[in-house]
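Engineer: Before anything else, here's the structure in question.
Number of protein chains: 2
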Amino acid sequence: MSQNIYDDPVFFEGYGRLPRSTAGLAAAPEWPTLRALLPQMRGLRIVDLGCGYGWFCRWAREQGAVRVLGVDISEKMLARARADTADLAIDYVRADMEHLELPVASFDLAYSSLALHYVENLPRLLATVYQALAANGQLVFSVEHPIFTAPSRPGWTVDADGRKTWPVDSYLAEGPRRTNWLAEGVIKQHRTLASYVKLLLRSGFVLSHLEEWGPSDDQIATQPALADERQRPPFLIVAARR
Amino acid sequence: MSQNIYDDPVFFEGYGRLPRSTAGLAAAPEWPTLRALLPQMRGLRIVDLGCGYGWFCRWAREQGAVRVLGVDISEKMLARARADTADLAIDYVRADMEHLELPVASFDLAYSSLALHYVENLPRLLATVYQALAANGQLVFSVEHPIFTAPSRPGWTVDADGRKTWPVDSYLAEGPRRTNWLAEGVIKQHRTLASYVKLLLRSGFVLSHLEEWGPSDDQIATQPALADERQRPPFLIVAARR
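Order-wise, the sequence lines are chains A and B.
One rule links them: number in our numbering = place in the first sequence (from 1) + 10.
One rule links them: number in our numbering = place in the second sequence (from 1) + 10.
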C-alpha cells in the first residue's frame, strides 16, 4: 500500500492551510495551463485520480460533465469532499492507486493533479487508466517535475552574488525520495521525464502535449515569490490520448 | 547565418582530438542508445543534419542505406568527410541549417547527432525535415540535454562532503548560451525539453521515443569519469515519425 501521508494529522493540518486547499483551483498557479489542455467538459465521464477535497470534481460538473468519479487514498480528504457537495453525479471512492481497478471503456477523461508522483507502480496504473478510457479518451495530469524531485538534498543554493540555483544530482537514479514537506518523511517517487513519456507510449497512449510549467509575467507581478520557479520548473504537465 | 564555430581553427583543432572525432561512432558513449532507436538501414534514403566528419553517413552505407546526404556548415569537416570516402552514394553538401532546403518526400530517415542545439530557427528546420520525409519516415536525433544547457554558469558544484551537483537556473529562459567549450564564445541555443516535444508535435510528428541518456554500468566500469553524467543527463535523444 502507498504511504497515506494525507491522513497524517500534521500533514493534513498543514495541507489544509495551503491556498490551493482553502481557495481551490484558482489558487493553484499551474491551473490555467492544465485547464488549457482539457477538453470541453460537457457530456464527459471523468475520473479524477487523487481528487483530494474534490475541487476539480465539482468544477467539472459545473462545466457540464455528466459523471465524475473522484478517487483518493485519504479518508480525511474524502470526508471533506463528500461534505462539500450534494451532487449525485459525483462519486467519491477511497482507493490506493497502486491497486486501483476501473471499469473498461467507461471514461472520456482521466485527470490527475500532483498525485502520480506518489505512485510506485505507475506502469500498472497507466495500463488501468488506458483500458478504462473510451475511444478517443484523454489523460491529462500534472506531477512534480523530475528536476524538482531528483536532488538527494532538494532546496535552493544561493551564490555569494545572490544567484539562486537548484542543485541537481541523482537525476537518473529513479526511486523514492524522502522529503520533509508539511510533515517529516513524505515519500515521493522520482522518475525521469523520459520515463513518464516512455511509460505512456508503452501503455499505448499517444502524447499530445507536454508542458514544463513556470509562472507567467502576470503571475510574478502579483506573486513575486513565484519568480524563483522560472529557474527550474516545479511541475510537469502532460496530455495524452488513447 | 548560424555561428560556424567548427571552422574556427582553435575549435576545429580541439574537436579533432575528441575520441568521437578520431575513433568515430564507437567512441561516442550515447551511440548504442541512438542506434537502438534507428530503423534497419537497408534500402533507406537518409539525410544526416550536421554530419561532421561523415562517420554516420559511412556507417549507414555499410548497413545498406541506398543514398545518404550529409549536410554540414563546416567547410573543414566536409573536406575531411569527402576525403574519407569514395562512395558515390554519399553526397556531402555545405548548408546552414537555418536556411536548409530539402526536396519533398525524398528521405526515409532524418538523423542528427548533437547539432540541433546550434539551430536558432528550429521550427523552420523541423517543417523542412517533415516535408522532406516520405510516408512513415522517421526523425532520430540527439541534442545536449536542456538541464545541461540551462545554467547561466554551467559546471559542477562540489559540496564540502564531495557531492557533485549541477546548478540549474534559467531553465525556462530559452535562448542563446555562450560557453567556452574547445574555443571561447561557442553559442548554443537552450530550449526546454517541453519545447523540443511541442515543436515536433506542432510540425506534425508523432513522438515515438524519448531518452535522457546516461552511462550504463558497463560504461562506467571501463570509463569511470562517465559516472558524473548519471547526476544529470548530458544528452536528450528523440525519435519521431511522420
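All residues carry an ideal CB built from backbone N, CA and C; glycine is no exception.
#1: Is any beta-carbon of chain A found at less than 8 Å from that of B/Gln199?
#2: Does chain B have any CB closer than 8 Å to the CB of A/Tyr128?
#3: List in chain order: all unbroken beta strand (DSSP E) runs of 3+ residues lying wholly within the region 69–156 of chain A.
#4: Taking the alpha-carbon of A/Val168 as reference, which of B/Pro164, B/Gly172, B/Pro177 has the nearest alpha-carbon?
#5: For B/His200, does the count of other Cβ atoms within 10 angstroms reach 16, so buried, or fall short, so exposed?
#6: If you run the structure through DSSP and keep just helix, strand and coil, what is B/Ser213?
#7: Please check if any C-beta of chain B sits within less than 8 Å of the C-beta of A/Arg240.
#8: Is there a C-beta anywhere in chain B that falls below 8 Å from the one on A/Ala231?
#9: Is the Cβ of B/Asp179 closer than 8 Å to any Cβ of chain A?
#10: Output, in sequence order along the chain, the residues in the region 205–229 of chain B whose CB is closer than 8 Å to any CB in chain A.
#11: For a test of the three-state rule: what should DSSP assign to A/Trp176, helix, strand or coil?
#12: For the region 140–160 of chain B and the region 228–235 of chain B, state whether three or more C-beta atom pairs, one from each stretch, are separated by less than 8 Å.
#13: Does the beta carbon of B/Thr175 come closer than 8 Å to any beta carbon on chain A?
#14: Thinking C-alpha only, which one of A/Pro243, A/Leu143, A/Ser213 is nearest B/His219?
#15: Name the two residues that bound the continuous alpha helix (DSSP H) containing B/Ala37.
#16: For the candidate residues A/Gly185, A/Phe66, A/Leu210, A/Ser226, whose alpha-carbon lies nearest to that of A/Leu124?
#17: Between which residues of its own chain and A/Asp137 is the CB-CB distance below 8 Å, once the five residues before and five after are set aside?
#18: Which of helix, strand or coil does DSSP assign to B/Leu59?
#19: In three-state terms, what does DSSP make of B/Pro164?
#20: Inspect the beta-carbon positions of B/Ala193 and B/Asp18 and report whether they are closer than 8 Å.
#21: Nearest to B/Glu72 by CA position, among B/Gly53, B/Ser12, B/Gln241, B/Thr189, is which residue?
#22: Excluding sequence positions up to five away, which residues of its chain have a Cβ less than 7 Å from the Cβ of A/Ser84?
#23: To be precise: take each residue of the region 76–92 of chain A, compare its Cβ to all Cβ atoms of chain B, and keep it if any distance is under 7 Å. Which residues remain?
#24: If I measure Cβ to Cβ from A/Ala115 and keep anything under 6 Å in the same chain, skipping five residues before and after, which residues do I get?
#25: What are the start and end residues of the beta strand (DSSP E) that includes B/Arg188?
#26: Can you grab the Cα-Cα spacing for the pair A/Arg55 / A/Ala36, in whole Å?
#27: If distances are taken between C-alpha atoms only, which option among B/Glu108, B/Met107, B/Leu88 comes closest to B/Ile100?
Structural biologist: Answer, in terms of the structure:
#1: What you label residue 199 of chain B is simply residue 189 of the second sequence in a count that begins at 1. Taking Cβ atoms only, chain A never reaches closer than 8 Å to B/Gln199, which makes this a no.
#2: Position 118 of the first sequence, counting from 1, holds the residue named residue 128 of chain A. Cβ-Cβ to chain B under 8 Å: no for A/Tyr128.
#3: Complete beta strand (DSSP E) runs here, min 3: 77–82, 100–104, 117–123, 143–154.
#4: The residue labelled residue 168 of chain A in the question sits at position 158 within the first sequence. Checking every option, the nearest Cα to that of A/Val168 belongs to B/Pro177.
#5: Here residue 200 of chain B refers to the residue found at position 190 when the second sequence is read from its first residue. For B/His200, the number of other beta carbons within 10 angstroms of its own is at least 16, and it is reported as buried.
#6: The residue you call residue 213 of chain B lines up with position 203 of the second sequence. In the structure shown, the three-state DSSP call for B/Ser213 is helix.
#7: As a working mapping, residue 240 of chain A is identified with position 230 in the first sequence. Answer yes: the Cβ-Cβ gap between A/Arg240 and chain B drops below 8 Å somewhere.
#8: Looking up residue 231 of chain A in the first sequence gives position 221. Judged by the 8 Å Cβ criterion, A/Ala231 is not in contact with chain B.
#9: Here the question's residue 179 of chain B lines up with position 169 in the second sequence. Closer than 8 Å to some Cβ of chain A, the Cβ of B/Asp179 qualifies, so yes.
#10: Those would be Val207, Lys208, Leu211, Val216, Leu217, Ser218, His219, Leu220, Glu221, Glu222, Gly224, in chain order.
#11: If you number the first sequence from 1, residue 176 of chain A lands on position 166. The answer is strand: DSSP assigns A/Trp176 an E or B state.
#12: Three or more beta-carbon pairs separated by less than 8 Å are not found between the region 140–160 of chain B and the region 228–235 of chain B, which leaves the two stretches without contact.
#13: For the purposes of this step, residue 175 of chain B is taken as residue 165 along the second sequence, with counting starting at 1. Yes, its Cβ sits closer than 8 Å to a Cβ of chain A.
#14: Residue mapping note: residue 219 of chain B aligns to position 209 of the second sequence, counting from 1. The option with the nearest alpha carbon to B/His219 is A/Ser213.
#15: By 1-based counting over the second sequence, the position of residue 37 of chain B is 27. Careful: B/Ala37 lies outside any alpha helix (DSSP H) and carries neither H nor E.
#16: As a first step, residue 124 of chain A is located in the first sequence; it is residue number 114 there, counting from the start. Ranked by how close their Cα comes to the Cα of A/Leu124, the residues A/Gly185, A/Phe66, A/Leu210, A/Ser226 have A/Phe66 in first place.
#17: Reading the first sequence from its first residue, position 127 is the one you call residue 137 of chain A. Sequence inspection shows Ala at residue 137 of chain A; the Asp mentioned does not correspond to that position. Sequence-distant Cβ neighbours of A/Ala137 in its own chain, meaning closer than 8 Å and more than five residues away, are Ser213.
#18: If you number the second sequence from 1, residue 59 of chain B lands on position 49. DSSP places B/Leu59 in the strand class (E or B) of the three-state scheme.
#19: Counting from one through the second sequence, the residue named residue 164 of chain B turns up at place 154. Here B/Pro164 sits in coil by DSSP.
#20: The count along the second sequence starts at 1 and reaches residue 193 of chain B at position 183. The count along the second sequence starts at 1 and reaches residue 18 of chain B at position 8. Contact annotation: B/Ala193 and B/Asp18 have beta-carbon atoms nearer than 8 Å.
#21: Position 62 of the second sequence holds residue 72 of chain B. Considering only alpha carbons, the answer is B/Gly53.
#22: To locate residue 84 of chain A, count along the first sequence from 1; it is residue 74. If you ignore the 5 residues before and after A/Ser84, its C-beta comes within less than 7 Å of the C-beta of Asn14, Tyr16, Asp17, all in its own chain and listed in chain order.
#23: Answer set for the region 76–92 of chain A: empty.
#24: Position 105 of the first sequence, counted from the start, is the residue given in the question as residue 115 of chain A. Answer for A/Ala115: Ala144, listed in chain order.
#25: The sequence position of residue 188 of chain B within the second sequence is 178, counting from 1. From DSSP, the beta strand (DSSP E) with B/Arg188 extends over 185–191.
#26: Position 45 of the first sequence, counted from the start, is the residue given in the question as residue 55 of chain A. Position 26 of the first sequence, counted from the start, is the residue given in the question as residue 36 of chain A. If you take the alpha carbons of A/Arg55 and A/Ala36, they lie about 23 Å apart.
#27: For the purposes of this step, residue 100 of chain B is taken as the residue at position 90 of the second sequence. Nearest in C-alpha terms to B/Ile100, of all of B/Glu108, B/Met107, B/Leu88, is B/Leu88.
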